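Following: one structure in structure tokens, then a few remarks.
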Amino acid sequence: MSQSRRCPYCNSSFLPSAYRPQQSVCGRAECQRQRRSDYHRKKLATDPEYFQVVRDSQKQWWDEHPDYQKQHRQRNPKLVESNRLRQRQRDQKRRVELLVRNNLALDLKHSASEVWLMGPKVRDLDRNNLASAQVLILPSLGHSSEDRGPS
Ligand SMILES: [Zn+2]
């Protein structure tokens, strides 16, 4: 008889399969997907041979498809544009995080679970998935230059 266990990913309890008594992750597709990708990541980090095999097969694929990226971009001009946009947003987010680290580290510790976006660039930032980053920004109040970095 098997005892119920708790899935480390979704935190729900489950009964291990009769065929896999060692099962430590529940059967949900999402949890299994995470289990596999964690395994892959850990294996890459700890097993040089595995790492080499993965890298070789990726390299081989790219060697056999030298025009893939170029063609992919030509077929998907919108994708190129959206990648560019996303890169810009990442840069912006990095800048914001730097600001936050420099100015607001103390306050953030007390309110890590809340997000307040304020100031003239909020609309940009909002679109930029910053909500999940949980950042508090207070851009220069009463100053006209908006890019005044931390001094
Ligand atoms: Zn689960």
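Start counting the sequence shown at 1270; every next residue gets the next number (my numbering). No residue lacks a Cβ here, since even glycine has one placed at the ideal position from N, Cα and C. Quantities reported herein were computed from a predicted structural model and do not represent experimental measurements.
Cβ-Cβ distances below 6 Å link Val-1294 to Cys-1276, Cys-1300, Arg-1304 in the same chain, with the five nearest sequence neighbours on each side left out; the list follows chain order.
For ligand 1, the residues with a Cβ under 5 Å from any of its heavy atoms are, in chain order, Cys-1276, Tyr-1278, Cys-1279, Cys-1295, Arg-1297, Cys-1300.
A straight line joining the alpha-carbon of Leu-1368 with that of Leu-1354 spans about 21 Å. Residue pairing by DSSP puts Phe-1283 in a beta bridge opposite Arg-1274. Excluding sequence positions up to five before and after Arg-1342, its CB lies within less than 6 Å of the CB of Val-1349, all in the same chain and listed in chain order. Non-local C-beta neighbours of Leu-1313 in its own chain, meaning closer than 8 Å and more than five positions away in sequence, comprise Tyr-1319, Phe-1320, Val-1323, ordered along the chain. The DSSP assignment places 1298 to 1315, 1317 to 1333, 1337 to 1344 as complete runs of the alpha helix (DSSP H) inside the region 1275 to 1347, in order along the chain (cut-off: 4 residues). Straight-line measurement puts the Cα of Ser-1273 at about 12 Å from the Cα of Gln-1291. Taking C-alpha positions only, Lys-1347 is separated from Arg-1357 by approximately 15 Å. At a Cβ-Cβ threshold of 9 Å, Ser-1282 and Gly-1296 do not count as neighbours.
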